[in-house]
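A.B. asks: Residue numbers (this note's numbering), protein chains in the order written: chain B, 1300 to 1487; chain W, 22 to 130.
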Amino acid sequence: MSNAISALEGRAVAGDVTVTDMGLQGMISLRGDLSDKALTKVCKSVTGADAPKPLQMSVAGASGFGWMSPDEALLLVPYNVVRDGLASINNALSGQHFLASNVSDARAHIVVSGAYADEVIAKVSPVDMHPDSFAIGDFRRSHLGQVAAAFWKSDANTFHVICFRSVADYVFDLLAASAKAGPVGYTS
Amino acid sequence: MLTLHCPYCGVDADETDLHAGGEAHLTRFGPGASDDDFEGYLFTRKNPKGVHFERWRHAYGCGKWFLAARCTATLEVFATYSAQTVAPPADVRAAITAKRPDWSWGDLS
Ligand SMILES: [Zn+2]
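1) Spatial neighbours of Asp1437/B within its chain, please: CB distance less than 8 angstroms, with the 5 preceding and 5 following residues excluded, ordered by chain position.
2) Under the assumption that Arg1330/B contacts Asp1370/B (Cβ atoms under 8 angstroms), give the Cβ distance between them as a whole number of angstroms.
3) Pick from Asp1404/B, His1408/B, Ala1386/B and Ile1409/B: whose alpha carbon is nearest that of Leu1398/B?
4) Using a cut-off of 9 angstroms between C-beta atoms, extract the partners of Arg1382/B located in chain W.
5) Mind checking who Ser1368/B pairs with in its DSSP beta bridge?
6) Where Ala94/W and Gln1445/B are concerned, what is the direct C-alpha to C-alpha distance, given to the nearest angstrom?
7) Using a Cβ-Cβ cut-off of less than 9 angstroms, give me the residues of the stretch 29–42 of chain W that come near chain B, in sequence order.
8) Locate the alpha helix (DSSP H) running through Lys1422/B, then write down its first and last residues.
9) Here's the rule: buried if 16 or more other CB atoms are within 10 angstroms of the residue's CB, otherwise exposed. What is Gln1324/B?
10) Check whether chain W comes within 8 angstroms of Pro1369/B, counting only Cβ atoms and requiring the distance to be less than that.
11) Nearest-angstrom Cα distance between Cys27/W and Val1423/B?
12) Would you mind stating whether Asp38/W and Ala80/W have Cβ atoms separated by less than 8 angstroms?
13) So which of Asp1383/B, His1396/B and Ala1480/B has the shortest CA-CA distance to Ala1337/B?
14) At 8 angstroms on the CB atoms, spell out the chain B contacts of Tyr81/W, in chain order.
15) With DSSP as the reference, label Cys30/W as helix, strand or coil.
16) CB-CB under 6 angstroms to Ala54/W, same chain, minus the five flanking residues each way: which ones, in chain order?
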């Protein structure tokens, strides 16, 4: 058994807004019919989270059920239970048209937290991060700087970012630089 | 900067989240077609100043292809709509007519 490590190996930058690698994060990418009851039922049993509305991340403790597109979901679970989760999904949806894959090692999970965390994201993405437009639980796929990323708001000052492993270093440094540069006064 | 409403996920997507896919509503000419039709399908495109129909992909977002009706001269967007259509729906045409009463595009007007 190989020794799994996250791309950023727990890197963190302190400051008014902190940027922290969340380490190993179990992630299951699921494509299928999100309106199907059997699909939402097994996703709920794997994550503990209710089915999300479009453009939302439904969170339950350390797990989550995110809406990626009309036919794609992202399930977040502890790293060591991904295999069990996949087995449950494959079992429950056997015979249906779907695809579930373990993408845990293909991605990175970074948390941006602090007083102007929304502006740290707003400066490097085209998404309107004002609290009137982007509320707690909102989940968006877009880009940060030059690369694709998805992010959701878990509380007023905390954002979770998912990106590809190969660009984790770039995204971390981008967010850290944006945090270090300070607030711009858009959302406060 | 262009902002297009994605009809699949509901996001008002920034141009940098999108990928342009060229002219919409092309008729595909494949095996068995005449050389002229095949050449036209591959290479001949409209390049209007004014009302145009285009394919766009919400590339950094939900990943879906959709269609947009907009003005190439002013960048005004009349409507975005499902890619599962072979011609602009009536409500899209009405939205264009409301703003550009004398518009035409190929055989459409
Ligand atoms: Zn979309």
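Where a beta carbon is used, it is the ideal one built from N, C-alpha and C, also for glycine.
C.D. replies: The structure says:
1) The beta carbon of Asp1437/B sits closer than 8 angstroms to the beta carbons of Leu1354, Gln1355, Met1356, Trp1451 and Lys1452 from its chain, once the five residues preceding and following it are set aside; these are given in chain order.
2) Going by Cβ atoms, the distance from Arg1330/B to Asp1370/B rounds to 6 angstroms, so yes, they are a contact pair.
3) The residue with the shortest Cα to Cα distance from Leu1398/B is Ala1386/B.
4) Residues of chain W passing the Cβ test: none, with the nearest at roughly 27 angstroms.
5) Looking at the DSSP assignment, Ser1368/B forms a beta bridge with Glu1371/B.
6) If you draw a straight line from the Cα of Ala94/W to the Cα of Gln1445/B, it comes to about 28 angstroms.
7) Hits within the stretch, in order: Tyr29, Cys30, Gly31, Val32, Asp33, Ala34, Asp35, Glu36, Thr37 and Asp38.
8) Here Lys1422/B belongs to no alpha helix (DSSP H), and DSSP marks it neither H nor E.
9) Buried: at least 16 other Cβ atoms inside 10 Å.
10) Output row for Pro1369/B: interface = yes.
11) Cα-Cα distance, rounded: 21 angstroms.
12) Yes, the Cβ-Cβ distance between Asp38/W and Ala80/W is below 8 angstroms.
13) Across the set Asp1383/B, His1396/B and Ala1480/B, the C-alpha of His1396/B shows the shortest separation from the C-alpha of Ala1337/B.
14) Here the neighbours are Arg1440, Ser1441, His1442 and Ala1447.
15) In the structure shown, Cys30/W sits in coil (DSSP, three-state: anything other than H, G, I, E or B).
16) Its chain contains no residue whose beta carbon lies nearer than 6 angstroms to that of Ala54/W once the 5 sequence neighbours on both sides are disregarded.
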